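Engineer:
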Amino acid sequence: MNAARQSQMLDLVAVTAFGLESVAQRELHTLGFEDAKPFGTGRVGFTGGLEAICRANLHLRSAERVLVRVGSFPASDFGALFEGVRALPLEQWIGHEAAFPVSGRCVRSVLSSVPAVQRATKKAIVERLMEAHGVERLPETGPTYAVEVSLLHDEATLTIDTSGAGLHKRGYRTSVGEAQLRETMAAGLVLLSFWHPGRPFMDPFCGTGTIAIEAAMIGRNIAPGLRRSFASEAWPQVPSAAWREAREQAQAAILPAIEHRLVATDIDERALSQARHHAQNAGVEPDIHFQQRAFEEVRSRVGYGCLITNPPWGERLGDREQLEELYRSFPLVLRRLETWSHFILTGYPDFERLIGQEATRRRKLYHANIQTTYYQFHGPAPGGAEGPREKAPVFGGLNEKAERQAEMFATVLGKHARHLRKWPERGITCYRLYERDIPEVPLVVDVYEGHLHVAEYERPHERTPAQHADWLDRMMDTACRTLGIERDKAFLKSRGRRRGLSQYERVSDAGYTVVVGEQGLRFEVNLSDYVDTGLFLDHRITRAMVRERARGKRFLNLFSYSGAFTVYAASGGAQHTTTVDLSATYLDWAERNLLLNGFDDERHELVQADAMSFIESLGPGEKFDLMVIDPPTYSNSKRTEEDWDVQARHTELLFAAGEHLEQGGLIYFSTNFRKFKPAFPESLVTREISHQTVPADFRNKKIHRCWVLSRG
2 MNAARQSQML
12 DLVAVTAFGL
22 ESVAQRELHT
32 LGFEDAKPFG
42 TGRVGFTGGL
52 EAICRANLHL
62 RSAERVLVRV
72 GSFPASDFGA
82 LFEGVRALPL
92 EQWIGHEAAF
102 PVSGRCVRSV
112 LSSVPAVQRA
122 TKKAIVERLM
132 EAHGVERLPE
142 TGPTYAVEVS
152 LLHDEATLTI
162 DTSGAGLHKR
172 GYRTSVGEAQ
182 LRETMAAGLV
192 LLSFWHPGRP
202 FMDPFCGTGT
212 IAIEAAMIGR
222 NIAPGLRRSF
232 ASEAWPQVPS
242 AAWREAREQA
252 QAAILPAIEH
262 RLVATDIDER
272 ALSQARHHAQ
282 NAGVEPDIHF
292 QQRAFEEVRS
302 RVGYGCLITN
312 PPWGERLGDR
322 EQLEELYRSF
332 PLVLRRLETW
342 SHFILTGYPD
352 FERLIGQEAT
362 RRRKLYHANI
372 QTTYYQFHGP
382 APGGAEGPRE
392 KAPVFGGLNE
402 KAERQAEMFA
412 TVLGKHARHL
422 RKWPERGITC
432 YRLYERDIPE
442 VPLVVDVYEG
452 HLHVAEYERP
462 HERTPAQHAD
472 WLDRMMDTAC
482 RTLGIERDKA
492 FLKSRGRRRG
502 LSQYERVSDA
512 GYTVVVGEQG
522 LRFEVNLSDY
532 VDTGLFLDHR
542 ITRAMVRERA
552 RGKRFLNLFS
562 YSGAFTVYAA
572 SGGAQHTTTV
582 DLSATYLDWA
592 ERNLLLNGFD
602 DERHELVQAD
612 AMSFIESLGP
622 GEKFDLMVID
632 PPTYSNSKRT
642 EEDWDVQARH
652 TELLFAAGEH
662 LEQGGLIYFS
672 TNFRKFKPAF
682 PESLVTREIS
692 HQTVPADFRN
702 KKIHRCWVLS
712 RG
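Per our numbering: the sequence shown = residues 2 to 713.
(1) Go through the segment 224-278 residue by residue and report every complete run of the alpha helix (DSSP H) that reaches 4 residues or more, in order.
(2) Since P381 contacts T347 with CB under 8 Å, what's their CB separation in whole angstroms?
(3) Give a yes or no on contact between the segment 190-200 and the segment 291-309, applying the rule of three or more CB pairs nearer than 8 Å.
(4) Consider the Cβ of T479: report whether some Cβ of chain B lies at a distance smaller than 8 Å.
(5) Return the CA-CA distance between S330 and P440, expressed in angstroms with no decimal places.
(6) Looking at C-beta atoms only, is the number of pairs between the segment 659-674 and the segment 619-636 that lie closer than 8 Å three or more?
(7) Taking G620 as the reference, give the member of L421, L588, E592, H661 with the closest Cα.
(8) What is the DSSP secondary structure of P39, counted as helix, strand or coil?
(9) Quick one: complete beta strand (DSSP E) runs, 3+ long, within the segment 276-355?
(10) Tell me, please, whether the segment 170-190 touches the segment 232-243 by the rule of three or more beta-carbon pairs shorter than 8 Å.
(11) Use the C-beta contact count for S618: other C-beta atoms within 10 angstroms, 16 or more gives buried, fewer gives exposed.
(12) For the segment 238-245 against the segment 210-217, are there 3 or more C-beta pairs whose distance is under 8 Å?
(13) Roughly how far, in whole angstroms, is the beta-carbon of H134 from the beta-carbon of E92, given that I think they are within contact range, below 8 Å?
(14) Take the Cβ of R498 as the centre, count every other Cβ of all protein chains shown within 10 Å, and call the residue buried at 16 or more, exposed below.
(15) Would the segment 527-543 and the segment 506-514 be scored as touching if the rule is three or more Cβ pairs under 8 Å?
(16) Look up M203 in the DSSP assignment and give the residues it is bridged to.
(17) Tell me the residue span of the beta strand (DSSP E) that contains Y449.
(18) Return the residue from the list F677, R550, I345 that minimises the CA-CA distance to A360.
(19) Please report the straight-line C-alpha distance between H290 and T158, rounded to a whole angstrom.
(20) Comparing C-alpha positions only, which one of Q372, G357, N558 sits nearest to Y349?
(21) When DSSP labels each residue in this structure, what does N673 get in the three-state scheme?
(22) Tell me whether W645 sits in a helix, a strand or coil according to DSSP, three-state version.
(23) Please return the same chain residues whose Cβ sits closer than 8 Å to the Cβ of A258, not counting the five positions on each side in sequence.
(24) Looking at C-alpha atoms only, which residue of I126, R87, G665 is the closest neighbour of H97?
(25) Between the segment 41-53 and the segment 128-148, are three or more C-beta pairs nearer than 8 Å?
(26) I'd like the ranges of any alpha helix (DSSP H) spanning at least 4 consecutive residues and lying wholly in the segment 89-174.
(27) From which residue to which residue does the beta strand (DSSP E) around K708 run?
(28) Can you tell me whether F566 is buried or exposed, with buried defined as 16 or more other CB within 10 angstroms of its CB?
(29) I'd like the span of the alpha helix (DSSP H) that includes I219, first residue to last.
(30) Who are K703's beta bridge partners in DSSP?
(31) Do you know offhand how far E84's Cα is from S73's?
(32) Counting Cβ pairs closer than 8 Å, one from the segment 594-605 and one from the segment 521-532, do we hit at least three?
(33) How about L607: is its Cβ closer than 7 Å to a heavy atom in the ligand GDP?
(34) Below 8 Å between beta carbons: does that hold for L685 and L655?
(35) Can you pull the DSSP bridge partners for M628?
(36) Checking the sheet assignment: what are the DSSP bridge partners for Y458?
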């Protein structure tokens, strides 16, 4: 090859995934190719000498491969295609022994058959090379020059691939993990973010570590192609000295270890083991701190970092409900990183809806022919350099309105606490302190002997999920500070309007229980694990009524829950008690409450059964003098054929119960269902006593409705 040929400027193309064209363009500009410019989908054109082939292959992070563009021409039929290919000076690149596989693609062109286009192109190349080299056969045993013929709008372009294996194959990833991100895409995500080596970095779904490794290589200025070879290294047209010089320059440009290690976490220890191995291969293991950690545990003590991640989005989590639950947790977890920016790639289409807010920017990217979106949430810049808009956290934050609400909440809480300060002296240490008194603060606050149980009721608001979580934290802190209660002794629950979940819904496994007193009796309450605690405070008076009437009586407690009514009946001198619930967990709870108060003999029977089934199983002569029926509004169980609905089924239940009520006996029936329309059996005399049974500490006098029923 003569000197003129070596110094000739080449028409080159960097191929990228859709959406990364501008990233590759910036990379090329940084490398000194100032004329780099995107054209078409996934193509960035630039010019350079033979050394450009070496530098582009070694340094490009977001490009898939580097091509030499041999020529373009119109090709609306096979004749034009054949003659156009045959007219190109392919012999300048492809020697008489070289291998030249041909691939093709056709987009919006008359010639739409890719195999036919490939065959015509191959035949034209063969004729050109045989004539140019003066040979009768082409053995294709030498270096490989992979040719691509591309037709777009009847314009044919012929290119030769200088890279060989795709540039995403850096050489450090020797094992395959589940749903791995391509190295080129991972590098593109980092280059599209605000991250640089001076800022903290985190990937909480790091998998086999690709994003963190690519970031570390960027931070260290390690050329991604240093650990691999390229097809054009075997070409005689590209001098070996050019490759050697390019590699030496790249090696010399590597920077020292990153001062602040990157953080990469995942719940899968096997994936982390692969990640550590890959980082070691890439030469950046000291720059990355890999740790096994669940996403919900994400936090950082440092500020102004960048979280860049590719979370599960369908392939790695087969359960759609589980996936949506994970996405809904994003704002609640990421709000802890108040000053961070967040960059999240996912192919899940409803991501913004699930997290409850829109991204600052979004970019459509194609990964392995799957459309994904790169959601960018721009947090505050260090020092507020990006202006007032950037001072607020991405997820969460409180405004002046929230602070005013907290002040009003504190005022009302303090007022109620002073009003009820003498209740413990009367034997009432568990009571309601606040019940949605301020419409903008729809909380219910109950005191349980130095503990707080706070329930949130749904109400429309303009806060994002993360802002609402911060708001709830502010209200909880306000309540604890106002009442002088330690924060770890306050528990928050959410009471949504979700049909199909009973009042006993489990929400945690923390198991925080305490024993509290009520009117001389002791009860175990669980403040952490259920929507309700095990002691319904609104039935304090009703329980006292049962105790007053229990002496010498046979007592039945249906839907017993934790057995509080049974304990009151036993303390009132009941001859025998029967406690019925379908849940073994609640029967064990009821038994513990009986034992707490010294009732441990055989007179107190515990039965695991559905309430209706139990009544129907009783013999004609089995009677009770006193019953309590306090069912949930709605519940379902795999153990029963029918769901329980208090409106639909209370009539048949009360009729059946009435058949086993002694003459002169009483049934206390109660419900919390606000739309309840009683349809009591005509065989029972009914009297509503709701106004007598709602305690004074309950602002909502319709917290329940209660009747006394007796045989007519």
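In this text, a Cβ means the ideal position worked out from N, Cα and C, and glycines have one as well. Please read these numbers as outputs of a predicted model, since none were measured by experiment.
Structural biologist: With the given structure in hand:
(1) 241-253
(2) The Cβ separation is near 24 Å, so there is no contact.
(3) yes
(4) Of the protein chains in the structure, only one exists, and it is not chain B.
(5) 27 Å
(6) yes
(7) Measuring C-alpha to C-alpha distances from G620 to each of L421, L588, E592, H661 identifies H661 as the nearest.
(8) Of the three classes helix, strand and coil, the one that applies to P39 here is strand, per DSSP.
(9) 289-293, 307-310, 342-347
(10) no
(11) exposed
(12) With a cut-off of 8 Å, the segment 210-217 and the segment 238-245 do not count as touching, because too few Cβ pairs lie within range.
(13) 6 Å
(14) The predicted position of R498 is uncertain, since its pLDDT is 48 and thus under 50; a value taken from the coordinates is nonetheless stated next. That one is exposed.
(15) yes
(16) V264, L308
(17) 444-449
(18) I345
(19) 46 Å
(20) The option with the nearest alpha carbon to Y349 is Q372.
(21) coil
(22) strand
(23) R221, P287, D288
(24) Selected option, being the one with the closest Cα: I126.
(25) With the cut-off at 8 Å, the segment 41-53 and the segment 128-148 do not touch.
(26) Counting only runs of 4 or more, we get 115-134.
(27) Contrary to the premise, residue 708 reads as Trp rather than Lys in this sequence. Note, W708: beta strand (DSSP E), 706-712.
(28) buried
(29) 211-221
(30) In the DSSP output, where bridge partners are listed per residue, K703 has none listed.
(31) One C-alpha to the other measures close to 12 Å.
(32) The segment 594-605, when compared against the segment 521-532, does touch it at the 8 Å Cβ threshold.
(33) For the ligand GDP, the structure offers nothing, since it holds no ligand at all.
(34) At a Cβ-Cβ threshold of 8 Å, L685 and L655 count as neighbours.
(35) BP columns for M628 point to L557, I668.
(36) R496
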